[in-house]
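Protein chains in written order, with my numbering: chain A, 78 to 419; chain B, 78 to 419; chain C, 78 to 419; chain D, 78 to 419.
4 protein chains.
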Amino acid sequence: MPVTTRRKSFGSDNHSGAHPAVVQAIADANGGDSPPYGADPWTRRAADDLRAAFGASEALFVFNGTAANVLGVSLLLRPYEGVICAESSHLNVDECGAAERVLGSKLLTVPAPDGKLTPEIVASRLGGRGDEHRVQPRVVQIAQVTEVGTCYSLQELRQLSDFCHAEGLYLFVDGARLANAAAYLECELADLASGVDGLSFGGTKNGAVAAEAVILMREELVPSAPFLRKQQMQLGSKMRFTAAQFIALLENKLWLHSAQHANAMAGRLAAGVAGIPGVTVRYPVQSNAVFAQLDPARITALQRDWTFYTWDERESVVRWMTAFDTTEEDVDSFVAAIGATR
Amino acid sequence: MPVTTRRKSFGSDNHSGAHPAVVQAIADANGGDSPPYGADPWTRRAADDLRAAFGASEALFVFNGTAANVLGVSLLLRPYEGVICAESSHLNVDECGAAERVLGSKLLTVPAPDGKLTPEIVASRLGGRGDEHRVQPRVVQIAQVTEVGTCYSLQELRQLSDFCHAEGLYLFVDGARLANAAAYLECELADLASGVDGLSFGGTKNGAVAAEAVILMREELVPSAPFLRKQQMQLGSKMRFTAAQFIALLENKLWLHSAQHANAMAGRLAAGVAGIPGVTVRYPVQSNAVFAQLDPARITALQRDWTFYTWDERESVVRWMTAFDTTEEDVDSFVAAIGATR
Amino acid sequence: MPVTTRRKSFGSDNHSGAHPAVVQAIADANGGDSPPYGADPWTRRAADDLRAAFGASEALFVFNGTAANVLGVSLLLRPYEGVICAESSHLNVDECGAAERVLGSKLLTVPAPDGKLTPEIVASRLGGRGDEHRVQPRVVQIAQVTEVGTCYSLQELRQLSDFCHAEGLYLFVDGARLANAAAYLECELADLASGVDGLSFGGTKNGAVAAEAVILMREELVPSAPFLRKQQMQLGSKMRFTAAQFIALLENKLWLHSAQHANAMAGRLAAGVAGIPGVTVRYPVQSNAVFAQLDPARITALQRDWTFYTWDERESVVRWMTAFDTTEEDVDSFVAAIGATR
Amino acid sequence: MPVTTRRKSFGSDNHSGAHPAVVQAIADANGGDSPPYGADPWTRRAADDLRAAFGASEALFVFNGTAANVLGVSLLLRPYEGVICAESSHLNVDECGAAERVLGSKLLTVPAPDGKLTPEIVASRLGGRGDEHRVQPRVVQIAQVTEVGTCYSLQELRQLSDFCHAEGLYLFVDGARLANAAAYLECELADLASGVDGLSFGGTKNGAVAAEAVILMREELVPSAPFLRKQQMQLGSKMRFTAAQFIALLENKLWLHSAQHANAMAGRLAAGVAGIPGVTVRYPVQSNAVFAQLDPARITALQRDWTFYTWDERESVVRWMTAFDTTEEDVDSFVAAIGATR
């Protein structure tokens, strides 16, 4: 069956297929019988490896990023407590209300320039504490990489986490693209988890297939997690095939090399368009995404041959994403095509 | 990494790995970029094939059986309506309350000998219709194959569906092992869907990996389904890898051959133990499961070397399941081992 | 506007109006402005009185018995935990699924002869603890008086509560008719709360109007309770009018005298029908309810002139309830009418 | 028991007690037995009167405004659909997340100057229709009177309702202070319901006690409503005492006279402070609320003797509310007190 796009997609890192090592890992895990629901050696090893890499209490596998976020947050909330998150956050915008349905909880959204929350922004949403009429803020949820491709520096992360804990708040990190943040910040996964109460570590956008990990940094969250995962319909019976993918990603830091490459391709793309008149890069390029503003007519023309999304129609901003399998030639052809529009 | 059980497991058909054709299909689907979230040619083809096979309005993919049941039922219920199902049903017993959490709905359970509902049993749960104090019955949920390995005959199915529709009830079928029912009943998938409002078609227990289909038999259920799937956290971005598995299962009716084989192995096992004193087969063997009653001491002895579950401790009943990859030698060795206990 | 029943209803204790002292209390509370949402002196005093009477940590007012049960239980459950209760319990049968909707939790129902749970019955529902596929039992919910008019003795209550706590379970008591239990058992309210984690104290069936109290016996439940009450839509702005009713009920133990009277009227009714051939009292008469079995034709004849409910159509059992305002003449006329049927 | 505030409260119209006619109606309803759960003549008459006044399909009673809003909206939503409402709406801010908990639905909030939504504002929230990742807008919820005391003109209401229906949206009106809007707009209740799909009619802030009505303007919403009310824990057994209050309010348009008086007192207050230097009225005074900006020190000084809330601390805006029992002397004394601060 032929693929549908002749040219490399810049639409999203989930337009890519799987990394060959991931497919191989799936095939290798197919060696006969194994206990189901994660009681298999692959799951044990992958969870061990993730706990070690993050300095974590526990690591659990789920099928997608929606679930990683919802499961993670569900461990931290009582029914009348809410989640402070950016208006632009995936949790708020792109989950078809999964948080409200599954958690039954309110998202306390705040505007966030550059996609990032700061102690000041969080503080602006802390009104009404102790007032029974108001949802009580309990969790601050951020994305690292953010939805606009920016990264929290380790210092920003530390300041936010210190603020949260001083205020009796938990900090949960949506790490669908955590690998790209680690690559950009040149730090360990454990550095990104330091001071954080829980986070996700995305496999899918790093070359895996329907594989995300929820990383718990507090021992007291561990006992409830398997039950909530099951209730949230994320317990896979043949879990070894999910876990094996993480083993492949973790081996020799494949996850890091893939992320470094994707980031480099975004950097190349940003550099390439820097000289093209009428194309303005919108946010600092700190991961595998380039947001650019250009004339609507040029966008329309480009989208005839190339796959990418318009991020903000009103402001005429588009998003270009690279992946582990984006090549220099892909980028250069795309830059040339952009340059050819007017 | 070595597998954990040296001998073939009789614990469940999800102890098996994936069918080699399924792994090959995953590898073949890895051919570059593709639109995400099911807008890819694999998903289109798999859904087309399933619609054709079932005479259905729509087919959607989800990650596991919990979700297939919950999503299916969620399309049929208003908030104050409930689901009539067997006390022993997977939906009631084995989903850690996913139905109550995600649907917010009551399961109106009824005792069901042989795991089957009849019009009479359903009728016994129809009290209180129109009374605002009572949850209103709306959906009848059954499993085909049932949790105890029995099958509804096509006539039983038709009688139940006629009764449901005469009573203004929907009928939803948990088809985690639908393939085994089709093999036993020697009928088409469309026959199993006839008169039914929605059903699931299980891939995982038939040799797939985290792949189940929800089959909708009523056009008016189709528009809501993608939204509810997303909200229920079952929308995979790289859906082609799930859909490709179904393409493999459907090609040349691999699903049927696998089910026929698994059923035959259960038949062989039942026949094998028929002559062993003190071992009583408990339910009619109509699929890939054999339930047997035998002395607790013999159970304990067998479980030292063989993997299977005790189904009912009080009654000393065990469940032995076969799969697409159970061999005649596996069965014969197991029968010999059973015969050797006393 | 005329009342609808010329004869005293034996349908339910909520067919009665309000006790005159309750109406007077409402009028007396109408003395000008007062802080809303319970920050008024009536609420303070009523809560103080209730805390003293029960030896409780907190007392909160809600509008009805559904809410008292759901709010109480909601304080004790995590999302994947369930409530062991009688199949016949109001929570299970008569709340239109409020528990499943508002709590999102499963009710783990058990058959209960005489409406009562015992340690043995509860133990039968404790399977699957620690298994992530199963809802984890956490709360045992009983009714005192039960749905069939029986009372737990203080010894039975103690045994059940000891068992629950030994098993890591909470015990919550639906006290919609707690007053009648105290009257029957000749004990203090505090005795009925001893060893219990939370309970409700019904006002409505004792002569109040839309007034129920939730009594918390554990300090750690107190902080969450106001938020959950508000979220469950049970926070009244003019709460003084609810609280004032409880002040009236508590003054000189009006609640007790009303309950004693109602119980006495049920006793008189049971004694009256004892000599009528073909009328069999079904459960021990331990409160203000008499359940009786008699010929369906006699039931139909009686219901032409008298108001009462058929409890169990198949078994031809009816329920007759008395109230604070049932008179000896009401009972005697009713007994005579019953005796006149054949 | 003494009331707690010596001076008339300007805190809220729910600081007032009950209108004497309401208390009398409660006493009058106490005439013996009556069928419970609304099957009584008071409920029948009150519902009849409300249906007639609104030209409505149905009227149902609930205990408070939270429930009126949630029940009303719940009749209009499927699980993946959301409610467009003002950021400042009571539903969003002041219900402790009841909407998210009970509905499981997202509120799609929009900034609303003067508390009002317009077709343009609503249109700004209609992005993502048909996209399974996004909650689908279905209900527009507004308050009439708004949270800042303003009223939609009948023309504004018609424009909004036309827009909603053209867009396939329902319009639901939070009428906690609907009486005040009718008084201000000098129109019939039916005018306020025209073009609307459902609305609430608040009794509590108009002199009742825990009594609100949900008015349904579409026949097809009627069958589900009693079940959802019960499930949402708002079905009162002695409903006649709630309904009787509405009979009192409706008799000779007591509701209107009370609202006219309250509005007049707000007008007097606004006129009174118009001449006081440093006091700026913030929103048009179109009901029984005056929002004013004045120096924080003056606010603090006033709050020593007078009860009212600071609405916006940052902007130094306070809210002064009048009620059916606010007198001209109350207002004049308060104006004098305000004038005396500096």
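Heads up, the beta-carbon is just placed ideally off N, CA and C, and yes, glycines get one too.
Presumed contact (8 Å Cβ cut-off) between residue i and residue j, rounded CB distance
{"i": "Thr384(B)", "j": "Phe87(B)", "result": "6 Å"}
{"i": "Val222(B)", "j": "Asn257(B)", "result": "5 Å"}
{"i": "Ser301(D)", "j": "Val291(D)", "result": "No, Ser301(D) and Val291(D) are not in contact; Cβ-Cβ is about 12 Å, not under 8 Å."}
{"i": "Tyr157(C)", "j": "Leu305(A)", "result": "6 Å"}
{"i": "Asp171(D)", "j": "His210(A)", "result": "5 Å"}
{"i": "Gly475(D)", "j": "Arg235(D)", "result": "Within the shown structure, residues of chain D are numbered from 78 to 419, placing residue 475(D) beyond reach of any answer."}
Exposure label - residue i; buried when at least 16 CB within 10 Å
{"i": "Thr404(A)", "result": "exposed"}
{"i": "Ala417(C)", "result": "exposed"}
{"i": "Ala144(A)", "result": "buried"}
{"i": "Tyr386(C)", "result": "exposed"}
{"i": "Arg345(C)", "result": "buried"}
{"i": "Pro79(C)", "result": "The predicted position of Pro79(C) is uncertain, since its pLDDT is 44 and thus under 50; a value taken from the coordinates is nonetheless stated next. Exposed, since its Cβ has fewer than 16 Cβ neighbours within 10 Å."}
{"i": "Gly352(C)", "result": "exposed"}
{"i": "Ala243(B)", "result": "exposed"}
{"i": "Glu392(B)", "result": "exposed"}
{"i": "Ser166(B)", "result": "buried"}
{"i": "Gly275(C)", "result": "buried"}
{"i": "Gln232(D)", "result": "exposed"}
{"i": "Ala413(C)", "result": "exposed"}
{"i": "Glu289(B)", "result": "buried"}
{"i": "Pro303(C)", "result": "buried"}
{"i": "Arg254(A)", "result": "buried"}
{"i": "Thr377(B)", "result": "exposed"}
{"i": "Asn146(C)", "result": "buried"}
Simplified DSSP assignment, three categories, for residue i
{"i": "Met78(C)", "result": "In this predicted model, Met78(C) has a pLDDT of only 48, less than 50, meaning its place in the structure is not dependable; the value taken from the coordinates is given anyway. Looking at Met78(C) - three-state DSSP - the assignment turns out to be coil, as it is neither helix nor strand."}
{"i": "Gly204(C)", "result": "coil"}
{"i": "Pro196(A)", "result": "helix"}
{"i": "Glu209(D)", "result": "coil"}
{"i": "Glu164(A)", "result": "coil"}
{"i": "Gln370(D)", "result": "strand"}
{"i": "Ala220(D)", "result": "strand"}
{"i": "Thr387(C)", "result": "strand"}
{"i": "Asp251(C)", "result": "strand"}
{"i": "Leu154(C)", "result": "coil"}
{"i": "Val225(A)", "result": "coil"}
{"i": "Leu231(C)", "result": "helix"}
{"i": "Phe131(B)", "result": "helix"}
{"i": "Gly142(A)", "result": "helix"}
{"i": "Thr319(D)", "result": "helix"}
Residue-level contact to chain F via CB, residue i, 8 Å cutoff
{"i": "Cys162(A)", "result": "The structure shown contains no chain F; the protein chains it does contain are A, B, C and D."}
Given 8 Å as the limit, is there contact between the region 172 to 192 of chain D and the region 269 to 284 of chain D, that is, 3 or more CB pairs closer than that? Under the three-pair Cβ rule at 8 Å, the region 172 to 192 of chain D does not count as touching the region 269 to 284 of chain D.
At a cut of 8 Å, does the region 299 to 316 of chain B reach the region 105 to 115 of chain B through at least three beta carbon pairs? yes
Sequence ranges, beta strand (DSSP E) only - wholly within the region 258 to 304 of chain A, length at least 3: 275 to 279, 289 to 293
Hey, is the region 334 to 342 of chain A in contact with the region 134 to 143 of chain A, meaning 3+ C-beta pairs nearer than 8 Å? no
Would you be able to state if there are at least three C-beta pairs under 8 Å between the region 124 to 135 of chain A and the region 150 to 158 of chain B? Taking a contact to require three or more Cβ pairs closer than 8 Å, the region 150 to 158 of chain B and the region 124 to 135 of chain A do not qualify as touching.
Is it the case that the region 206 to 223 of chain B contacts the region 187 to 194 of chain B, given that we only count it when at least three CB pairs across the two stretches are under 8 Å? yes
Whole beta strand (DSSP E) runs in the region 329 to 380 of chain D with 3 or more residues, listed along the chain? Here the runs fully enclosed are 366 to 370.
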